[in-house]
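Accompanying notes for the structure given below.
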Amino acid sequence: MARWGTGSEPGGEWQRAMTIAWLARIGREHDDLPVLFEGQMRIAFIAEGLEAAGIAEARIILVHCDDATRTHRLCHERNQPDLANPDMMNWARYLREEAEASGSEVLDTSKMSIEDSVEYICRSLGIERSGA
500 MARWGTGSEP
510 GGEWQRAMTI
520 AWLARIGREH
530 DDLPVLFEGQ
540 MRIAFIAEGL
550 EAAGIAEARI
560 ILVHCDDATR
570 THRLCHERNQ
580 PDLANPDMMN
590 WARYLREEAE
600 ASGSEVLDTS
610 KMSIEDSVEY
620 ICRSLGIERS
630 GA
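According to my numbering, the sequence shown holds residues 500 to 631 in order.
Written out as structure tokens, the structure reads:
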């Protein structure tokens with residue numbers, strides 16, 4: 500990470516470099532198949548990486564939930580209560596605001612089951628879930 504400076508925090512230079520690198524790899528290897536690139540990164544970095552990789556057909560969907568749902572999921576479903584903190588809530592708010600400002604889709608999963616959320620993403624990719 501020293502190569503990219505001290506910006507390893509969310510939204511930092513390391514995140515930008517890795518997002519661009521992964522999208523370059525996807526651009527070389529995707530073989531016209533649907534690709535799900537999942538992670539917590541700035542939408543500006545995704546857009547920059549898509550352009551640099553020459554990926555013209557892409558759909559950015561921010562999978563989001565409200566703070567109360569996020570806190571519940573982190574504490575009770577994922578057993579990661581240490582992540583249910585103000586920094587996480589601020590980061591989620593930042594990503595939502597960035598998605599809305601860029602015109603990206605926001606999938607609010609606050610009232611959705613995981614199964615319904617996965618089904619929505621699969622439909623967005625034009626694929627059927629195996630075993631569904």
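Positions of the beta carbon are idealized from the N, C-alpha and C atoms, including for glycine.
Distance CB(residue i)-CB(residue j) smaller than 7 angstroms
i, j, result
"residue 555", "residue 570", "no"
"residue 553", "residue 519", "no"
"residue 623", "residue 565", "no"
"residue 533", "residue 626", "yes"
CB-CB length for residue i against residue j, believed under 8 angstroms
i, j, result
"residue 535", "residue 562", "With 8 angstroms as the limit, residue 535 and residue 562 do not qualify as a contact, their Cβ atoms being about 11 angstroms apart."
"residue 591", "residue 551", "That pair is no contact at about 26 angstroms."
Residues near residue i by beta carbon distance below 8 angstroms, same chain, minus five either side
i, result
"residue 559", "542, 545, 546, 598, 601, 603 and 604"
"residue 572", "564"
"residue 594", "539, 541, 542, 561 and 563"
Own chain, CB closer than 6 angstroms to residue i, minus 5 neighbours either side, in chain order
i, result
"residue 504", "Annotation note: pLDDT 48 at residue 504 (below 50); position unreliable, coordinate value reported separately. 512, listed in sequence order."
"residue 588", "566"
"residue 579", "573"
"residue 616", "608"
Cβ-based neighbour list, residue i, same chain, cut-off 7 angstroms, excluding 5 preceding and 5 following
i, result
"residue 614", "none"
"residue 526", "552, 553 and 554"
Residues bridged to residue i (per DSSP)
i, result
"residue 606", "562"
*Sequence ranges, beta strand (DSSP E) only - wholly within the segment 517–595, length at least 3*: 560–563
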